[in-house]
Amino acid sequence: APAATAHTFLLGATTLKLPTVETWRESYLQDDESKLIMNMIENPSLIGKEALDKVHYIFRQPIRDNRIKLIDGLLFIQEIIDISGNFIQLQIVPMRLRNIIFTAFHANPIGDHFDLYHTFHKIRLRFFWPHMYKYVKFMIQHCAGCNMTKSRIRKSSSLLYSFPIDQPWLVVHADVFTIGTEQGFSGKKSFMNVVCGMCSFCMVEALLSTDMNSSGFSK
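For the sequence shown, our numbering gives the first residue as -17, with consecutive numbering after it.
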């Protein structure tokens, strides 16, 4: 994965800036399937067997049920999560941008590469495209960074390893970061960082010099 400035997006720390809104819009129009879906949403009279046969089967029922929305030129799918009809809204990723999304959520600022479980889960909480798991698995198998460390790093010793996490904040990674002799704009120079092991949501709390003890850390 290319080195880049750390960038925070949708509650997750990434190492690659994600596409701008304009890039998303252009990519949808350059993708035949996405363009056809957009046309059907804007003109429901086009929804029929002939048109639906041209899109991936996973999109067909959501199109019929009006669960794919066009919002400010961007495509979102509403994924039902319970019998009451509650849903999460995921952004549909056209073919052209899938590699960028993968890279942004696979490599992280501290130099490690997330494994298959973490990479897939981080992307799946935010985005959607057909056969995502298969795509992520293939990309990780062919990731140069992962292959270079495969022989010397085991899951038991890796900084971020695989285990069945099914609840946010069930497992957290915590560390203290100190700027050094310089201070931040707020005058603070030490920060406690706590990251959710499931979704990578990060909380950062500035520490005063009087807090640099076990009581301050636990609080």
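We put the CB at the ideal spot given by N, CA and C, even for glycine.
Grouping DSSP H, G and I as helix and E and B as strand, with all else coil, what is C181?
If DSSP states are grouped into helix, strand and coil, C181 belongs with coil.
According to DSSP, simplified to helix, strand and coil, what is T2?
coil
Cα-Cα separation between L189 and H38, rounded to whole angstroms
51 Å
Just mark D13 as buried or exposed, buried being the case when its beta carbon has 16 or more other beta carbons within 10 Å.
buried
Just to confirm my understanding: we take I74, look at its own chain, exclude 5 residues before and 5 after, and list those with CB closer than 6 Å. What are they?
L57, I59, F110
What does A126 pair with, by DSSP beta-bridge criteria?
In the DSSP output, where bridge partners are listed per residue, A126 has none listed.
Presumed contact (8 Å Cβ cut-off) between M121 and F173, rounded CB distance:
Not a contact, Cβ separation roughly 32 Å.
So if DSSP puts H155 in a beta bridge, which residue, or which two residues, is it bridged to?
V177
Just the Cα atoms here: how many angstroms apart are L72 and K(-1)?
19 Å
Between the CA atoms of L11 and K17 - distance to the nearest angstrom
Taking the straight line from one Cα to the other gives about 5 Å.
Inter-residue spacing [alpha-carbon to alpha-carbon] between R42 and P112:
12 Å
By how many angstroms is the C-alpha of D64 removed from the C-alpha of V153?
Just so you know, the alpha carbons of V153 and D64 end up roughly 25 Å apart.
Between the Cα of M114 and those of R7, H124, R80, L28, spot the shortest distance and give me the residue it belongs to.
R80
How big is the Cα-Cα spacing for L141 and V158?
Low per-residue confidence applies at L141: pLDDT is 46, beneath 50, and the placement is therefore not dependable, though the value from the model is reported in the following sentence. Going from the Cα of L141 to the Cα of V158 covers about 16 Å.
Is I40 helix, strand or coil by DSSP?
I40: helix per DSSP, three-state reduction.
Is L52 helix, strand or coil when you go by DSSP?
strand
Nearest-angstrom beta carbon gap, C125 and H88 [assumed within contact, 8 Å]:
7 Å
S9, DSSP secondary structure in three states:
Of the three classes helix, strand and coil, the one that applies to S9 here is helix, per DSSP.
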